[in-house]
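Protein chains: 2
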Amino acid sequence: MYTHSCSNCAMSDICLPLGLTENDIHKLEEIVKTTSVKHVGDTVVLQGDSFDKVYAVKSGMCKSFRVDEAGTEYVQSFHLPGELFGLDAIYAKHYGFSVEALDTSVLCEMDYNELQQLCSTVPALQNQLFNLLSRDLYTSHVSPIEHFDQTAEQKLAGFLHNLQTRFEVRGYSGSELYLSMSRRDIANHLGLAPETISRLLKRFQENQVISIDNRLVVINDPGKLDELVHCHALENSGRSVQISKVS
Amino acid sequence: MYTHSCSNCAMSDICLPLGLTENDIHKLEEIVKTTSVKHVGDTVVLQGDSFDKVYAVKSGMCKSFRVDEAGTEYVQSFHLPGELFGLDAIYAKHYGFSVEALDTSVLCEMDYNELQQLCSTVPALQNQLFNLLSRDLYTSHVSPIEHFDQTAEQKLAGFLHNLQTRFEVRGYSGSELYLSMSRRDIANHLGLAPETISRLLKRFQENQVISIDNRLVVINDPGKLDELVHCHALENSGRSVQISKVS
DNA sequence: GGCGATTGTTGACCTATATCAAGGATAAAT
DNA sequence: ATTTATCCTTGATATAGGTCAACAATCGCC
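Taken in order, these protein sequences are the chains called A and B.
So the number in the working numbering is just where the residue sits in the first sequence, counting from 1, plus 68.
So the number in the working numbering is just where the residue sits in the second sequence, counting from 1, plus 68.
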């Protein structure tokens, strides 16, 4: 839609341009276009459409999700600025996931064929694309196995912790997180029930780990949050429960 | 260790050589070496070692697994002939997973730097590597979300079904599977308890879906197995359970 | 600025599967 | 061939978190 300058982009040092010379970045800019502004709920990519473009988030936040034959939605991930998506469709030639904006967002799009050709002539770009693919692959290999024997509490703490660090890397506040996604999306993404998310957020608040006002989370005790990921179970609730034992 | 001919390899049409000309394959062969024969339990890659090589399975079977700080093992995947591994370490520069032989196996290894350089001069190879990375990425995006609301029964049925098709693609029998991995490995890989695997395999056998003799599985009713993945719960056991209701 | 729709919260209950425990089969080691 | 160590199976029990249901808060919209 609009031509775009990667050189001036705040995300250039974590996105595709990383490691490229000024000259190579200019070549990249020639194949990158920014989209019109997307609003909450706007669809960027539709599951099943034939693959042609790879995307990067320039600003805002998106979610990738998949709908199965029964119509059930599964939230795969949340994309922050500087993150690519669509790469998992290169092989299949069709997008396996829909992507929609969770917030006012602008995206960068590039034709995959053009990108591939550019990679052949710009080794540093090929290199960076391999790097980003490898990182995504590593993340999607590690995170499910980490979740296996985690409790719901650990999963949610890990989710918040992960968001925190990703925000910080991008220069945003890591202690004050606005959750652009619904509880339902978080629950779905973590393989939990929305009710469980509510109950846990309440528990985290009761234990002074976070303060939460609707979708705004303030992380009051990052150390405690970190402990929660690696075990340390919290008290279930304020009032203690009396169980009458019959012996 | 030994130089290797990709041209004569039975896996050439599903591995890296796919889509390359005779001439390009020869260039690839120059950087591929086969390892000595690996035996059950032999380590091919050690988690934490610095990354330099990418591997492909030539024959046999391997498992990738990760050990956390607490010493708990997590089985990430089982690699069949024609499958690559180590690609998830490109970015991190260290292997995130150990890989060990589950069976008598031979592997192909290639230096990543050499592979990368070759990709710059052989666009078809670059293309194929992007394809394989994309396929791996797609698989590791889809499979965890498929597992989310699956029962233990569906997971195990899906696992057997998946093995069956992967064997068939490679020209092996899909109806007679030898499980080179232990029940413990299967359980771990699926996020279940070994006991659950035992109970379910028994149930599958009782319902004439499979026959099982130790590690050899014969799939008697592939249709029923397929149904099990998509729902159709089996009877819990042969004898029916009487529950006395107090009303 | 009020109304309907969506999103979030809380409570009571239930079930799938983990865990614990113990015995039996198989394979590796001497 | 006997021992030893895994691996596998089976049964009994416990529990984390899902499901159902009902209500409360928020948001988008006319």
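Every residue gets a Cβ at the ideal spot worked out from N, C-alpha and C, and that includes glycine.
| Item | Value |
| --- | --- |
| Whole-Å CB distance - Glu168(B) paired with Asp110(B), under 8 angstroms assumed | 6 angstroms |
| Identity of the residue in Lys131(A), Val125(A), Ala192(A), Met178(A) nearest Leu152(A) by Cα | Val125(A) |
| For Glu221(A), the nearest candidate out of Tyr206(A), Leu268(A), Pro85(A), Glu141(A) (CA to CA) | Leu268(A) |
| Within-8 angstroms CB hit, Ser188(B) to chain A | yes |
| CB contact below 8 angstroms: Val297(A) versus chain B | no |
| Span separating the alpha-carbon of Glu244(B) from that of Asn288(B) | 9 angstroms |
| Cβ-based burial, Ser145(B) [other Cβ within 10 Å; buried from 16] | buried |
| Start-end ranges of the beta strand (DSSP E) lying completely within the segment 130-198 of chain B, minimum 3 residues | 130-135, 141-147, 166-169, 174-179 |
| Cβ pair count under 8 angstroms reaching 3, the segment 179-187 of chain A against the segment 214-233 of chain B | no |
| Span of the beta strand (DSSP E), counted from its first residue to its last, around Thr111(B) | 111-113 |
| Coarse secondary structure for Leu245(B), derived from DSSP in three states | strand |
| Anticipated Cβ contact below 8 angstroms, Glu141(A) with Asn256(A), distance rounded | 7 angstroms |
| Under 8 angstroms (Cβ pairs) to chain A, residues found in the segment 149-160 of chain B | Leu155, Asp156, Ala157, Ile158, Tyr159, Ala160 |
| Own chain partners of Lys292(A) with C-beta closer than 6 angstroms, once the 5 adjacent residues on each side are dropped | Val277 |
| Closer than 7 angstroms at the beta carbon, the chain B residues around Asn195(A) | Gln184 |
| Candidates Leu88(A), Thr189(A), Val135(A), Tyr123(A), of which the one nearest Val100(A) by Cα | Tyr123(A) |
| Beta carbon proximity, Phe198(B) to chain A, threshold 8 angstroms | yes |
| Close-in-space but distant-in-sequence residues of the same chain around Ala261(B) (CB under 7 angstroms, 5 per side omitted) | Ala255 |
| Per-residue DSSP class, three states only, for Tyr206(A) | helix |
| Inter-residue Cα distance where the pair is Gly239(A) and Ser166(B) | 35 angstroms |
| Completely contained beta strand (DSSP E) runs for the segment 224-275 of chain A, where each covers 3 or more residues | 244-246 |
| Where Ile280(A) sits in the DSSP three-state scheme | strand |
| Selected residue, minimal CA-CA separation from His94(A), among His107(A), Val105(A), Ser80(A) | Ser80(A) |
| Anticipated Cβ contact below 8 angstroms, Glu97(B) with Ser118(B), distance rounded | That belief does not hold up - the Cβ atoms of Glu97(B) and Ser118(B) are roughly 26 angstroms apart, past 8 angstroms. |
| Presumed contact (8 angstroms Cβ cut-off) between Tyr163(A) and Gly154(A), rounded CB distance | 7 angstroms |
| Beta-carbon gap between Asp120(A) and Asp179(A) smaller than 8 angstroms | yes |
| Residue of Glu263(B), Arg134(B), Lys161(B), Ile265(B) minimising C-alpha distance to Glu214(A) | Arg134(B) |
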